[in-house]
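Structure first, commentary second.
2 protein chains.
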Amino acid sequence: MANTKLQILNSAETLFAERGFNQTSMRDITTRANVNLASVNYHFGSKKNLIQAVMARNLDTVMDHIEQVLGHNTPSGVEAVLDLIGDSLQRLEAIRPGASHVLLVLLGQAYAETQGHLRRFIQQQYAKPLEALHRVLRQALPGLSPQALFWRLHFAMGAFVFSVRANQALREIAQADYQQQVDEQGIFAHLKPFVQAGLQGKAKQ
Amino acid sequence: MANTKLQILNSAETLFAERGFNQTSMRDITTRANVNLASVNYHFGSKKNLIQAVMARNLDTVMDHIEQVLGHNTPSGVEAVLDLIGDSLQRLEAIRPGASHVLLVLLGQAYAETQGHLRRFIQQQYAKPLEALHRVLRQALPGLSPQALFWRLHFAMGAFVFSVRANQALREIAQADYQQQVDEQGIFAHLKPFVQAGLQGKAKQ
DNA sequence: GGTTAATTTAAACTCCTGTTTTAATCCAGC
DNA sequence: GCTGGATTAAAACAGGAGTTTAAATTAACC
């Protein structure tokens, strides 16, 4: 069946998001998917390829939307750009519930891993929409030098990615210390003003 | 010799910072240190304990300084708090060159790991200075609710930690794309205004 | 319906991991 | 100089990892 491939993809996606790439073995994946161990290598070639496939399935949706929107309008202002990203994630979430969380966790791991093969994969595979995003942000932040923008974008991504990565732990702490029930969107609501202010803050000196 | 323990510590520190905890095997460590494989378990008990020992050696210096300064003065304003952290890192750097970079990379990994045993270790071991830092930041940012401050602190840490974690890759990109030579302090110079603006940005709604 | 290709299966393979064991060696203190 | 605890050394251990193999099964096509 072509079902096997899909079951592997779903199983891997769930486990990757829960435990991370390295903490998830092929045996974990195939057991959960009720398929044979060797089928992963048969259908995907290697674990590395499977990781990229899981990544691509989620990121494609988001990047397609971003590319499409930026093809028509040019959002003005940092907030509009951040909203575009938020909207794209919500679109993914509508298509497959839970997928936006999964994607963010995977993204976090992709940028946190030492080797960086996933990071290269992303930058090559989605060069066009990423460049478009960079372009509108340059326009929205004319006061920043290219270097400053480069770093701030990565700081923003770091804040983003980190908050999702440590999501579970942080949510537990937040709940214990502040009796505060937090969901994914609640975190995003806190994140947006932070990133927006950080990007717009006046440059050094 | 008591030298063995120190050589292990130094070797592990270097390799952890370069490749990460999981990508560094005990054999890597002992080979580099020119000591026997079993000596790690003899002197430290386990790899997990070794990781904590490496962490503690660096974090102790920084936290001691922070605790001491906050015991005397109360810095007013976000910038002063950020400068205190920066100064503490520079102090560590003065004692052992390269150590501040190592510490930041280790911190990043500590907060990025899935299990989080290092995160718990840090929060227990350094509860007092961390609480003091939290206190002065509350005073410096009276407009933020406890919940908002909680999240922004973690966003800030994420930006911080991420930028150091992806340090090597980002520096290569920055150099290739912008002919920009960047060192550790150069990144910090970019980071400070971002975090400062992010922390001070007006809360949502 | 028989043939061929695609897929699934069970098992083994190879490599690497952290840890433990047991013997050898070192080095004080008497 | 000898004794006894501390340290180092070589080797093996036990378990888990990703991948490969070769046979069995299923599916598709003429």
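In order, the protein sequence lines correspond to chains U and P.
All residue numbers for the first sequence refer to this note's numbering, where the first residue is 18 and numbers rise by one.
All residue numbers for the second sequence refer to this note's numbering, where the first residue is 18 and numbers rise by one.
Quick reminder that beta carbons are idealized off the backbone N, C-alpha and C, glycines included.
Quick caveat: nothing in here was measured; it's all calculated off a predicted structure.
Report yes or no: is there a C-beta of chain U within less than 9 Å of the C-beta of Ala-165/P? For Ala-165/P, the answer is yes, since a Cβ of chain U falls inside 9 Å of its Cβ.
Can you give the Cα-Cα distance for Ser-28/P and Ala-157/U, rounded to whole angstroms? When only Cα atoms are considered, Ser-28/P and Ala-157/U end up about 46 Å apart.
Can you tell me where the alpha helix (DSSP H) holding Gly-103/P begins and where it ends? Element bounds for Gly-103/P: 95 to 112.
In terms of residue numbering, what span does the alpha helix (DSSP H) encompassing Pro-146/U cover? In the DSSP assignment, Pro-146/U falls within the unbroken alpha helix (DSSP H) covering 144 to 157.
Chain-ordered neighbours of Gln-217/P on chain U, where CB pairs are closer than 9 Å: Within chain U, Ala-214 and Gly-218 have C-beta atoms less than 9 Å from the C-beta of Gln-217/P, given in sequence order.
List the endpoints of the continuous alpha helix (DSSP H) containing Gly-88/U. Element bounds for Gly-88/U: 64 to 89.
Give a yes or no on whether the minimum CB-CB distance between Ala-173/U and chain P is below 9 Å. Yes, its Cβ sits closer than 9 Å to a Cβ of chain P.
Alpha carbon of Ala-144/P to alpha carbon of Tyr-195/U, nearest angstrom: Distance between the alpha carbons of Ala-144/P and Tyr-195/U: 17 Å.
Within chain P, the residues that Pro-146/U reaches when beta carbons sit closer than 7 Å: Chain P residues near Pro-146/U: none, gap ~18 Å exceeds 7 Å.
Am I right that Gly-215/P and Ala-173/P are in contact with their C-beta atoms under 8 Å? What's the rounded C-beta distance? At roughly 6 Å, the Cβ-Cβ gap stays under 8 Å, so Gly-215/P and Ala-173/P are in contact.
Closest Cβ-Cβ distance between Tyr-195/P and chain U: below 9 Å? Yes - at least one Cβ of chain U is within 9 Å of the one on Tyr-195/P.
Does DSSP put Pro-210/P in a helix, a strand or coil? Three-state result, Pro-210/P: helix.
Of the choices Ser-42/U, Val-181/U and Asp-77/U, whose alpha-carbon is the least far from that of Leu-147/U? Nearest of Ser-42/U, Val-181/U and Asp-77/U to Leu-147/U, Cα basis: Asp-77/U.
What do you get for His-82/U, buried or exposed, if any count of 16 or more other CB atoms within 10 angstroms of its CB means buried? Buried, since its Cβ has 16 or more Cβ neighbours within 10 Å.
Is the CB-CB distance between Gly-125/P and Phe-167/P below 9 Å? Not in contact: Gly-125/P and Phe-167/P (Cβ atoms no closer than 9 Å).
Thr-48/U, enclosing alpha helix (DSSP H) - first and last residue: Start and end: 43 to 50.
Straight-line gap, Val-119/U to Asn-51/P (C-alpha atoms, nearest Å): Cα to Cα, the separation comes out at about 43 Å.
Is there a Cβ from chain U that is less than 9 Å from the Cβ of Arg-169/P? Look at Arg-169/P: its C-beta is under 9 Å from a C-beta on chain U.
Going by CA-CA distance only, name the one from Ser-56/U, Gln-213/U, His-60/U and Gln-69/U that's closest to Leu-154/U. Nearest option by C-alpha distance: Gln-213/U.
So Lys-65/U and His-134/U are in contact, right, with Cβ under 8 Å, and what is the actual spacing, rounded? Rounded, the Cβ-Cβ distance is 7 Å, consistent with contact.
Residue from Val-98/P, Pro-114/P and Phe-138/P with nearest C-alpha to His-151/P: Proximity to His-151/P across Val-98/P, Pro-114/P and Phe-138/P peaks at Val-98/P, based on C-alpha coordinates.
Whose C-beta lies closer than 8 Å to the C-beta of Ile-112/U among residues of the same chain, with five residues either side of it excluded? Closer than 8 Å at the Cβ level, and outside the excluded window around Ile-112/U, lie Thr-78.
Contacting residues, own chain, Cβ-Cβ under 7 Å from Ala-116/U (five flanking each side not counted): Cβ neighbours of Ala-116/U within its own chain (closer than 7 Å, five residues either side excluded): Asn-75, Leu-109 and Glu-110.
Neighbouring residues, chain U, relative to His-207/P (Cβ below 8 Å): Those within 8 Å of His-207/P in chain U are Gln-164, Ala-165, Trp-168, Arg-169, Phe-172 and Lys-221.
For Leu-32/U, collect the residues of the same chain with a Cβ closer than 8 Å to its Cβ; drop the 5 residues on either side in sequence, then sort them by chain order. Counting only Cβ-Cβ distances below 8 Å, and skipping sequence neighbours, we find Thr-41, Asp-45, Ile-46 and Arg-49.
Supposed close pair Met-72/P, Ala-34/P - CB separation, criterion 8 Å: By a beta-carbon distance limit of 8 Å, Met-72/P does not contact Ala-34/P. Their separation comes to about 11 Å.
Listing by chain order, which chain U residues have their CB less than 7 Å from the CB of Phe-211/P? Those within 7 Å of Phe-211/P in chain U are Arg-169, Phe-172, Gly-215 and Gly-218.
Buried or exposed: Ala-129/U, going by 16 or more other Cβ atoms within 10 Å of its Cβ? Looking at its Cβ environment, which holds 16 or more other Cβ atoms inside 10 Å, Ala-129/U is buried.
Alpha-carbon spacing of Leu-54/U relative to His-60/U, whole angstroms: Cα-Cα distance, rounded: 11 Å.
With a threshold of 9 Å between beta-carbons, can Ile-139/U be considered close to chain P, or not? For Ile-139/U, no Cβ of chain P is located within less than 9 Å of the residue's own Cβ.
First through last residue of the alpha helix (DSSP H) which encompasses Lys-22/P: Start and end: 20 to 36.
Let me know the secondary structure DSSP gives Ala-129/U once reduced to three states. Residue state, collapsed to three classes: helix.
For chain U, find out if any of its Cβ atoms is closer than 9 Å to the Cβ of Gly-94/P; answer yes or no. With 9 Å as the cut-off, Gly-94/P does not count as an interface residue toward chain U.
At the 9 Å Cβ level, is Ser-105/P part of the contact set with chain U, yes or no? Cβ-Cβ to chain U under 9 Å: no for Ser-105/P.
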